[in-house]
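Enquirer: The structure's right below; bear with me while I get my questions together.
In the working numbering, the protein residues as written are 16 to 669.
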């Protein structure tokens, strides 16, 4: 989707920098409320161009109390997008007054009949990734559930729709954020901030706001979602060695020798499994080693001693990494540095690095939070993890986060310091990842937090969500609903080729035999094939047959516009359909899936026609069938007839 002059003109009317006093920020310093940066603070403006498509402006000022306020404004010249983030540093020798009511992106967006589009993120339940379109007739607050992760209970990607245009909004804060919307006489007032923030600053301390993105677009939701996707690929999606990420096929050994998770992995069995796959012609892009490669007595949650298990990897993981590299495979390894179990190395040797919980929850009492707001703890964990990455030849650093940080921040909060532990921790989290990326050129990061609970925009500038949920890997209708929103907002992600459906069409959690239907429901930019290295020639043949189909679809997903063609209700009685269209190359694909209990034999979808005068040539890669349909005929829709629990993917050119 390309930016138009109308998009840019619309943005110019909504949100551009004019004067420091009009910066969309409000703040209380003690009892003094300020809006923007008042002239009495003598603000200084610095301008620079980050590249040909980005103009950055910094406004810096110092208050009478010695507080340095710094606001960064970024304007994109190739997209109708601006972003704001603010910092405050106490440059005085004494504690500052209490800072509170700190919000960024505060503005009124003029328009009529506003509708707020928002979702509940990854709740770690089947109801996750549910979206709502709510008319804004009254004030509305959007915020996560309160556990301290940004995507559990609310999704920090939102949209405001007006009569014939809209605004995409994103809140980059990897903790507890809040967005407030309220109808006004001529539009909608908007503001974002850390949900709990009322604190003084000690000398030298710095705090920051979320980073807020605002994108204007002319037209309806199709333009809004695809303009965001285009911006995401151009400016947010991390790159490997300077190159855009391409489709990735993942293979691994799951519960090897019956051991839970990856606690059974060894140097020997990993190299054997890789060689077996390669002997069958099944070439992965990524070799995945998840939780359990460290000493844990086959109990993977036992973390806090970050060393390789010497019994399983006597030479570290470097021989496995070297074997991967020799075969053009990237090694991915799992970590969870922020959670520290009682009795492990960090707990015993560095208790001053940790925050403790003493409440009623036994699981939380047994774990500690590594305080990334503590400079010594941050330096120690950065050096330790960096050493492991370098010594073990890790190309993809996978970080998980399997417990809620908020109880630890709350229990350890001092008087008049509400929100400071969270704020410093989140800043440390960004600094930790930035240091790993800086010290290891070519490294990329996989973000996980019991699935997708920490995939806010600030995290996604540094990582991709290769494991966006812990729910429904083999429940196809649930996956379809999840994919519907991931393709729209965070369009580089991964799925598994699992089948959890029973003969009667219902779903449980038992994994059943792999087939084409499992692959059809895992057409995502990154995929884990569940063909095991010890599987039959029949299953290898299946994987080899589906791999080029998946890869061709994934390539179009990374360059084309996305058109959801059906509603997604996670219902076995529904059909599911989607389309990706690349107008630059005049190609795309459409996929139709008839779920296990869908009663209708056929479905007609509203196919997106980019060129009504063209002839569309469709190709079925599995059957070899082809057909041609005139674009003007497709304006009436595209119909398909399928048996229950089958799917079709059609590639096309025009």
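Where is the CB? At the ideal position from N, CA and C, for every residue including glycine.
As the structure is a prediction and not an experimental result, all values here were calculated from the model.
Can you tell me whether residue 619 is buried or exposed, with buried defined as 16 or more other CB within 10 angstroms of its CB?
Expert: Along the chain shown, read from residue 1 onward, the residue named residue 619 stands at position 604. By the 10 Å Cβ count, residue 619 comes out exposed.
Enquirer: Apart from the five residues on each side of it in sequence, which residues of its chain come closer than 6 Å, Cβ to Cβ, to residue 531?
Expert: Along the chain shown, read from residue 1 onward, the residue named residue 531 stands at position 516. Closer than 6 Å at Cβ, skipping near neighbours: no residue.
Enquirer: Going along the chain, which residues of its own chain have a beta-carbon closer than 6 Å to the beta-carbon of residue 216, five neighbours each way excluded?
Expert: Along the chain shown, one-based indexing puts residue 216 at 201. Counting only Cβ-Cβ distances below 6 Å, and skipping sequence neighbours, we find 105, 111.
Enquirer: To the nearest angstrom, how far is it from the Cα of residue 430 to the Cα of residue 437?
Expert: Here the question's residue 430 lines up with position 415 in the chain shown. Here the question's residue 437 lines up with position 422 in the chain shown. Approximately 15 Å between the Cα atoms of the pair.
Enquirer: Using only alpha-carbon positions, find the residue among 510, 575, 560 that is nearest to residue 543.
Expert: Residue numbering aside, residue 543 sits at position 528 when the chain shown is read from its first letter. Of the candidates 510, 575, 560, the one whose C-alpha sits nearest the C-alpha of residue 543 is 510.
Enquirer: Opposite residue 49 in the DSSP bridges: which residues?
Expert: Within the chain shown, residue 49 is the residue found at index 34, counting from 1. Answer is 42, bridged to residue 49.
Enquirer: Less than 8 Å between the beta carbons of residue 101 and residue 244, yes or no?
Expert: Locating residue 101 in the chain shown gives position 86, where the first residue counts as 1. Locating residue 244 in the chain shown gives position 229, where the first residue counts as 1. One thing to note: residue 101 has its Cβ no nearer than 8 Å to the Cβ of residue 244.
Enquirer: Is the Cβ-Cβ distance between residue 497 and residue 483 less than 8 Å?
Expert: Numbered from its first residue, the chain shown carries residue 497 at position 482. Numbered from its first residue, the chain shown carries residue 483 at position 468. Result yes, Cβ atoms of residue 497 and residue 483 sit closer than 8 Å.
Enquirer: Do residue 123 and residue 148 have their CB atoms nearer than 8 Å?
Expert: Taking the chain shown and counting its residues from 1, the one referred to as residue 123 is at position 108. Taking the chain shown and counting its residues from 1, the one referred to as residue 148 is at position 133. No, the pair does not count as a contact, with Cβ atoms beyond the cut-off.
Enquirer: Would you mind reading off the limits of the alpha helix (DSSP H) that contains residue 638?
Expert: By one-based count along the chain shown, residue 638 stands at place 623. Unbroken run through residue 638: none, as it is neither H nor E.
Enquirer: Give the DSSP-derived three-state secondary structure of residue 541 in the structure shown.
Expert: Counting from one through the chain shown, the residue named residue 541 turns up at place 526. DSSP places residue 541 in strand when its eight states are reduced to three.
Enquirer: Can you tell me whether residue 278 is helix, strand or coil according to DSSP?
Expert: Translated into positions along the chain shown, residue 278 becomes position 263. Correct three-state label for residue 278: coil.
Enquirer: So, under 8 Å CB-CB, residue 319 and residue 278 are touching, yes? Tell me the CB distance rounded to an integer number of Å.
Expert: Indexing the chain shown from 1 puts residue 319 at position 304. Indexing the chain shown from 1 puts residue 278 at position 263. Their Cβ separation, rounded to whole angstroms, is 16 Å, which puts residue 319 and residue 278 out of contact at 8 Å.
Enquirer: Name the DSSP bridge partner or partners of residue 594?
Expert: In the chain shown, residue 594 corresponds to position 579, counting from 1. Looking at the DSSP assignment, residue 594 forms a beta bridge with 578, 605.
Enquirer: Does DSSP put residue 335 in a helix, in a strand, or in coil?
Expert: Here residue 335 refers to the residue found at position 320 of the chain shown. Here residue 335 sits in helix by DSSP.
Enquirer: Report the option in 346, 155, 287, 352 whose CA atom is closest to the CA atom of residue 458.
Expert: In the chain shown, the residue the question calls residue 458 occupies position 443. The shortest Cα separation from residue 458 among 346, 155, 287, 352 belongs to 346.
Enquirer: So, for residue 68: in the same chain, excluding its five sequence neighbours on each side, which residues have a beta-carbon less than 7 Å away from its beta-carbon?
Expert: Mapped onto the chain shown, residue 68 falls at position 53. Closer than 7 Å at the Cβ level, and outside the excluded window around residue 68, lie 91, 92, 93.
Enquirer: Go ahead and pull the three-state DSSP assignment for residue 453.
Expert: In the chain shown, counting from the first residue as 1, residue 453 sits at position 438. It is helical.
Enquirer: Which residue from 170, 85, 613, 208 puts its Cα closest to that of residue 503?
Expert: Translated into the one-based positions of the chain shown, residue 503 becomes position 488. The residue with the shortest Cα to Cα distance from residue 503 is 170.
Enquirer: With DSSP as the reference, identify every bridge partner of residue 192, one or two as the case may be.
Expert: Within the chain shown, the letter at position 177 stands for residue 192. BP columns for residue 192 point to 209.
Enquirer: On the DSSP bridge list, what partners appear for residue 619?
Expert: If you number the chain shown from 1, residue 619 lands on position 604. BP columns for residue 619 point to 654.
Enquirer: Rounded C-beta distance between residue 589 and residue 613? I'm assuming under 8 Å.
Expert: Within the chain shown, the letter at position 574 stands for residue 589. Within the chain shown, the letter at position 598 stands for residue 613. Sure, about 6 Å apart at Cβ, within 8 Å.
Enquirer: Check whether the Cβ atoms of residue 387 and residue 434 lie closer than 8 Å to each other.
Expert: Numbered from its first residue, the chain shown carries residue 387 at position 372. Numbered from its first residue, the chain shown carries residue 434 at position 419. No.
Enquirer: My understanding is that residue 327 touches residue 281, with C-beta atoms under 8 Å, so please give their C-beta distance in whole angstroms.
Expert: The residue you call residue 327 lines up with position 312 of the chain shown. The residue you call residue 281 lines up with position 266 of the chain shown. So it is a contact: roughly 4 Å between Cβ atoms.
Enquirer: Residues bridged to residue 228 by DSSP?
Expert: Locating residue 228 in the chain shown gives position 213, counting from the first residue. Partner(s): 98, 185.
Enquirer: Measure the C-alpha to C-alpha separation of residue 14 and residue 183 and round it to an integer number of angstroms.
Expert: Outside the shown range of the chain (16 to 669) lies residue 14, about which nothing can therefore be said.
Enquirer: Report the CB separation of residue 421 from residue 163 in whole angstroms; it is logged as a contact under 8 Å.
Expert: Position 406 of the chain shown holds residue 421. Position 148 of the chain shown holds residue 163. With 8 Å as the limit, residue 421 and residue 163 qualify as a contact, their Cβ atoms being about 3 Å apart.
Enquirer: Answer yes if the stretch 19-26 comes into contact with the stretch 218-238, meaning at least three C-beta pairs across the two stretches below 8 Å, and no otherwise.
Expert: yes
Enquirer: Where residue 199 and residue 239 are concerned, what is the direct C-alpha to C-alpha distance, given to the nearest angstrom?
Expert: For the purposes of this step, residue 199 is identified with residue 184 of the chain shown, where counting begins at 1. For the purposes of this step, residue 239 is identified with residue 224 of the chain shown, where counting begins at 1. Using only the alpha carbons, I get a separation of about 23 Å.
Enquirer: Measuring alpha carbon to alpha carbon, tell me which of 49, 173, 392 ends up nearest residue 117.
Expert: As a working mapping, residue 117 is identified with position 102 in the chain shown. Here the closest residue by C-alpha is 49.
Enquirer: Report buried or exposed for residue 258, applying the criterion of at least 16 other Cβ atoms within 10 angstroms of its Cβ.
Expert: In the chain shown, residue 258 corresponds to position 243, counting from 1. It is exposed - the Cβ of residue 258 has fewer than 16 other Cβ atoms within 10 Å.
Enquirer: Given this structure, state the Cα-to-Cα distance separating residue 557 from residue 249, to the nearest angstrom.
Expert: Indexing the chain shown from 1 puts residue 557 at position 542. Indexing the chain shown from 1 puts residue 249 at position 234. Going from the Cα of residue 557 to the Cα of residue 249 covers about 34 Å.
Enquirer: Could you spell out the range, first to last residue, of the beta strand (DSSP E) harbouring residue 529?
Expert: What you label residue 529 is simply residue 514 of the chain shown in a count that begins at 1. From DSSP, residue 529 is part of no beta strand (DSSP E); its letter is neither H nor E.
Enquirer: Under three-state DSSP, which class holds residue 513?
Expert: Taking the chain shown and counting its residues from 1, one reaches residue 513 at position 498. If DSSP states are grouped into helix, strand and coil, residue 513 belongs with coil.
Enquirer: Apply the 10 Å Cβ neighbour rule to residue 669 and answer buried if 16 or more other Cβ atoms are within range, or exposed otherwise.
Expert: The sequence position of residue 669 within the chain shown is 654, counting from 1. Its Cβ being crowded by 16 or more others within 10 Å, residue 669 is buried.
Enquirer: Hey, residue 513 and residue 292: beta-carbon distance below 8 Å or not?
Expert: Along the chain shown, read from residue 1 onward, the residue named residue 513 stands at position 498. Along the chain shown, read from residue 1 onward, the residue named residue 292 stands at position 277. Cβ atoms of residue 513 and residue 292: not closer than 8 Å.
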